[in-house]
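Have a look at the structure below, then the notes.
Protein chains: 2
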Amino acid sequence: MNMVDPNAPSGEGSATQRVYKMLRHMIVTGELEPGEKLKIDSLRQRLHTGASPIREALSLLTSDNLVERLDQRGFRTAEVSAKNFEELLFLRCTLEDLALRESIANATEAWEDAIVLAHHKMQRAKEAGQATFEERHKAFHMELLANATYPILQKFCSQLYDLNIRYRYLAGNALNYQRRDVGEEHRGILEAAVARDADLASDRLLNHYKMTGAFLSGLMGSGTLVRGQARAG
Amino acid sequence: MNMVDPNAPSGEGSATQRVYKMLRHMIVTGELEPGEKLKIDSLRQRLHTGASPIREALSLLTSDNLVERLDQRGFRTAEVSAKNFEELLFLRCTLEDLALRESIANATEAWEDAIVLAHHKMQRAKEAGQATFEERHKAFHMELLANATYPILQKFCSQLYDLNIRYRYLAGNALNYQRRDVGEEHRGILEAAVARDADLASDRLLNHYKMTGAFLSGLMGSGTLVRGQARAG
DNA sequence: TTGTGCGGAATAATCGATATTATTTCGAAG
DNA sequence: CTTCGAAATAATATCGATTATTCCGCACAA
Chain A
1 MNMVDPNAPS
11 GEGSATQRVY
21 KMLRHMIVTG
31 ELEPGEKLKI
41 DSLRQRLHTG
51 ASPIREALSL
61 LTSDNLVERL
71 DQRGFRTAEV
81 SAKNFEELLF
91 LRCTLEDLAL
101 RESIANATEA
111 WEDAIVLAHH
121 KMQRAKEAGQ
131 ATFEERHKAF
141 HMELLANATY
151 PILQKFCSQL
161 YDLNIRYRYL
171 AGNALNYQRR
181 DVGEEHRGIL
191 EAAVARDADL
201 ASDRLLNHYK
211 MTGAFLSGLM
221 GSGTLVRGQA
231 RAG
Chain G
1001 MNMVDPNAPS
1011 GEGSATQRVY
1021 KMLRHMIVTG
1031 ELEPGEKLKI
1041 DSLRQRLHTG
1051 ASPIREALSL
1061 LTSDNLVERL
1071 DQRGFRTAEV
1081 SAKNFEELLF
1091 LRCTLEDLAL
1101 RESIANATEA
1111 WEDAIVLAHH
1121 KMQRAKEAGQ
1131 ATFEERHKAF
1141 HMELLANATY
1151 PILQKFCSQL
1161 YDLNIRYRYL
1171 AGNALNYQRR
1181 DVGEEHRGIL
1191 EAAVARDADL
1201 ASDRLLNHYK
1211 MTGAFLSGLM
1221 GSGTLVRGQA
1231 RAG
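Just so you know, the protein sequences line up as chains A and G, in that order. The first sequence: position 136 = 136 (this note's numbering), numbered continuously. The second sequence: position 25 = 1025 (this note's numbering), numbered continuously.
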């Protein structure tokens, strides 16, 4: 029997899963600021649920490096820093290079179809608002790596992607980095992947990341990004 | 009145932390077999605590890839497979190579002291039982990477180490791989690190892993490792 | 005999409340 | 006026119980 509960339209899975996704979205998009304390009771009221799903979701986010847990002193969102951003960029370049090469090495027609499709959906979403575009953008990049037979590596890449995209959001929605010819870059990556040219595809992918990274590093240097905090140490 | 739980005489951290460490140890050492269902109530009785810390600890372990979560169907320990093991070996070689080189690039005398000390403690623990040795063994390897300014990378390495060591335990405590001249290998790695020879240190480190890996792969091929399921209460 | 649908038992997920712990505030002494 | 300490306060961690879901066996019909 396939009855969908009408009382829970947005909630297909468990409450924990729902809260997890909502919180992650709120952190990634900057709705919850870096270093902000996450009080259980506030979130409970805000998300209209009990304390247990909140705690469980926060535990999951802790291991995604999006939330820090202070032993017996509750949770807070992860801090941001230029150093952290640089590490992210470095690790992404390294790990996605590995995954992409492996993906291409195992290339099949089905995978080609999948990345072409993902690319198309991303392009179509360009006019459908940034939220949709970002979603498809990640989907495209993950699809590029999906053909590698390294599930753990893929999970790492996915986590790093989320951590990185957070900086993009923190840089402000005004970040129309799409003004750069990102469409062309994506097309170039896709093309090289379809052509199964690992060196070229990897080179283009890494440049894609590094250019965005350099742009954000510039913002960070000017203090636009890391606003609320001046920590000693 | 101060009623202290007799099961927590040391009572240092939170119950969640305690349960987390206990469960992780049980999974890593194979006391909980791969794919085994983790029933909340059983664990609750077994560890003499409530359901909340259990659930929270299992959530944490999920993100460590040691436990799988089946939505609304509970938890189970992660499966093992030759493919998974190969991925672990590959990722460890790649990531630890990065971290070690960075560690050496930032080498200081304090770090030299730290790795020499960690090595010494590991050697001394050789006669103090396998449990202690394994602990020190991880400490030594992590100390080698500790001087890299890449906290996320270090976390990845630590996680991968735990996933890998699980296979060693599953291969049986009879695995006295120390019969190989592992002591000599460790000394070689340490020596190269102290000499700040990144290429040599990395080469020796990776060989160290690959030899253990090849040994375990052999066991796995013969079916010693991935056996069926013979579980007793 | 086999496939399908129902119902009870088992188990997971969630909630509300309590006890424990950290933090802040207030007052008094130096 | 500052500093120390204890009580008040707020928040967390945990527990017990309730609710929702899944799993398994059995009856019934084709």
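Ideal placement from N, C-alpha and C gives every residue a C-beta, glycine not left out. Note that the structure is predicted; figures quoted are calculated from it, not measured.
Using a beta-carbon distance below 7 angstroms, is Leu1167 (chain G) in contact with chain A?
-> Checking the sequence shown, residue 1167 (chain G) turns out to be Tyr, not Leu. Cβ-Cβ to chain A under 7 angstroms: no for Tyr1167 (chain G).
Check whether the Cβ atoms of Thr139 (chain A) and Ser103 (chain A) sit closer than 7 angstroms, and answer yes or no.
-> A quick correction: the sequence has Ala, not Thr, at residue 139 (chain A). Contact flag unset, no.
Assign Arg1055 (chain G) to one of two classes, buried (16 or more other C-beta atoms within 10 Å of its C-beta) or exposed (fewer than that).
-> buried
Look at the alpha carbon of Gln123 (chain A) and the alpha carbon of Ser42 (chain A), and state the distance between them as a whole number of angstroms.
-> 38 angstroms
Backbone CA spacing between Asp1181 (chain G) and Lys83 (chain A) [nearest angstrom] = 40 angstroms
Using a Cβ cut-off of 7 angstroms (strictly closer), state whether Leu60 (chain A) contacts chain G.
-> yes
When the cut-off is 7 angstroms and only beta carbons count, does Gln72 (chain A) lie next to chain G?
-> yes
Neighbouring residues, chain A, relative to Asp1064 (chain G) (Cβ below 7 angstroms) = Ser63
What residues are listed by DSSP as bridge partners for Val67 (chain A)?
-> A:Thr77
When the Cα atoms are used, what is the spatial distance from Ser1052 (chain G) to Ser59 (chain A)?
-> 12 angstroms
Determine the closest residue to His137 (chain A) out of A:Gly183, A:His48, A:Ala78, A:Leu61, with distance taken between C-alpha atoms.
-> A:Gly183
Give the straight-line distance between the Cα atoms of Gly1035 (chain G) and Tyr1169 (chain G), rounded to the nearest whole angstrom.
-> 15 angstroms
Identify each residue in the segment 1036-1061 of chain G for which the Cβ-Cβ distance to at least one residue of chain A is less than 8 angstroms, and report them in chain order.
-> Ser1052, Arg1055, Glu1056, Ser1059, Leu1060
Compile a chain-ordered list of the residues in the segment 136-153 of chain A whose CB is closer than 8 angstroms to at least one CB of chain G.
-> Thr149, Tyr150, Pro151, Ile152, Leu153
Taking the Cβ atom as the reference point for each residue, do Arg187 (chain A) and Val28 (chain A) lie within a distance shorter than 7 angstroms?
-> no
DSSP-derived helix/strand/coil call for Lys37 (chain A) | strand
Output the distance between the C-alpha atoms of Val194 (chain A) and Met1211 (chain G), rounded to the nearest integer angstrom.
-> 37 angstroms
May I ask which residues mark the beginning and end of the alpha helix (DSSP H) holding Asn1106 (chain G)?
-> Segment: none, Asn1106 (chain G) is in no alpha helix (DSSP H) and carries neither H nor E.
CA-to-CA distance, Leu1145 (chain G) to Ser81 (chain A), given in whole angstroms = 21 angstroms
Rounded to whole angstroms, how far is the Cβ of Ser1202 (chain G) from the Cβ of Arg1044 (chain G), which I believe are closer than 8 angstroms?
-> Wrong, their Cβ atoms sit about 45 angstroms apart, outside the cutoff.
Is DSSP giving Thr1132 (chain G) helix, strand or coil here?
-> helix
So is Gly213 (chain A) in contact with chain G if we call contact Cβ pairs under 7 angstroms?
-> no
Can you tell me where the alpha helix (DSSP H) with Thr1016 (chain G) in it begins and where it stops?
-> 1015-1028
Own chain partners of Asp97 (chain A) with C-beta closer than 7 angstroms, once the 5 adjacent residues on each side are dropped | Ser202, Leu206
Does Ser1014 (chain G) get closer than 7 angstroms to chain A when you measure Cβ to Cβ?
-> yes
For Trp111 (chain A), which of A:His25, A:Glu143, A:Glu86 has the nearest alpha-carbon?
-> A:Glu143
Could you run through the segment 1017-1030 of chain G and flag, in chain order, every residue whose CB is less than 8 angstroms away from some CB of chain A?
-> Gln1017
Kindly list, in the order they appear in chain G, the residues whose Cβ is closer than 9 angstroms to that of Glu87 (chain A).
-> Thr1149, Tyr1150, Pro1151, Ile1152, Leu1153
In the structure shown, what three-state DSSP assignment does Tyr1150 (chain G) receive?
-> coil
Rounded Cβ spacing between Asp1088 (chain G) and Leu1163 (chain G) (contact assumed at less than 8 angstroms) | Inspection of the sequence shows that residue 1088 (chain G) is occupied by Leu rather than by Asp. Between Leu1163 (chain G) and Leu1088 (chain G) the Cβ distance is about 5 angstroms, and since that is below 8 angstroms, they are a contact.
Is Arg180 (chain A) helix, strand or coil when you go by DSSP?
-> coil
According to the Cβ coordinates, are Arg204 (chain A) and Ala214 (chain A) closer than 7 angstroms?
-> no
Rounded C-alpha distance that separates Ser1063 (chain G) from Asp197 (chain A) = 34 angstroms
Contact check, Arg1092 (chain G) vs Tyr1209 (chain G), beta carbons under 7 angstroms | yes
Thinking Ser217 (chain A) and Phe85 (chain A) are a contact (beta carbons under 8 angstroms), I'd like their distance in whole angstroms, please.
-> 7 angstroms
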